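Residue numbering for the sequence shown follows this note's numbering, starting at 33 and increasing by one per position. All C-beta atoms, glycine included, are put in the ideal place defined by N, C-alpha and C. Bear in mind the structure is a predicted one, so any value in this text is a computation, not a measurement. Heads up, the thing below is written out as structure tokens.
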Amino acid sequence: MVALASGYCFSTKTSPGYLIRRASQLMVPLAERYFEGQDLSLSQWISLKMIRDGIAPTIGELARYLGHSSGATTRLVDQLEERGLITRNRSNEDRRVVALEITPAGLEATRNMGVRMMEMWDQLFADFEQDEAEMLIVLLSRLVARLEAESAEDVR
Numbered sequence: 033m034v035a036l037a038s039g040y041c042f043s044t045k046t047s048p049g050y051l052i053r054r055a056s057q058l059m060v061p062l063a064e065r066y067f068e069g070q071d072l073s074l075s076q077w078i079s080l081k082m083i084r085d086g087i088a089p090t091i092g093e094l095a096r097y098l099g100h101s102s103g104a105t106t107r108l109v110d111q112l113e114e115r116g117l118i119t120r121n122r123s124n125e126d127r128r129v130v131a132l133e134i135t136p137a138g139l140e141a142t143r144n145m146g147v148r149m150m151e152m153w154d155q156l157f158a159d160f161e162q163d164e165a166e167m168l169i170v171l172l173s174r175l176v177a178r179l180e181a182e183s184a185e186d187v188r
């Protein structure tokens, strides 16, 4: 087990929390620039990907992952549905549950913007070795899994 509190992470600029938050703060505006003049916003694209990948099959799950209110997420879902990018399907088992499903048009829009986002990531990782980029993804995935496990324990 690693003890980060042993010294170096007391400095703000080397704290994992600070670095992760700062990277996110800097990345979002950069990513949003790639969406300027496009048919989708960054939030819409992320939503489509989460619906496509089964990460957020309902409005409630999508709101939780996006960090938006249920009202704001409902408006976002309304926009995606009006454009034919997703559908809502009420559950036969529980009429209160409405599943979100991506349409072929939504898949195409997601793919198209995915190409643009890969350009951004290629630019950001240009100075990284392949194994460094892969290791960063592995480490962040482990951190997210650990945080999700902690979050699930808090709910119990």
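Taking C-beta separations shorter than 8 Å and ignoring five residues to either side along the sequence, the partners of LEU112 in its chain run GLN76, SER79, LEU80, ILE118 and GLY138, following chain order. In the structure shown, the three-state DSSP call for LEU179 is helix.
Using a C-beta cut-off of 8 Å, the region 138-152 makes no contact with the region 95-108, since fewer than three inter-stretch Cβ pairs fall below that distance.
Spanning the alpha carbons of GLU140 and GLU180 requires a straight line of approximately 30 Å. In the three-state reduction of the DSSP assignment, THR119 falls in the strand class.
The shortest C-alpha to C-alpha distance from THR90 to any of GLU68, VAL170 and VAL109 is the one to VAL109. Taking every protein chain shown into account, the CB of ALA131 has fewer than 16 other CB atoms within 10 angstroms, so this residue is exposed.
Annotation: SER73 to PHE67 spans about 6 Å, alpha carbon to alpha carbon.
The straight-line gap separating the alpha-carbon atoms of GLN57 and TYR50 is approximately 10 Å. At least 9 Å separates the beta-carbon of ILE87 from that of ILE134.
For THR90, the three-state secondary structure derived from DSSP is strand. Residue pairing for GLU133: DSSP places it in a beta bridge opposite THR119.
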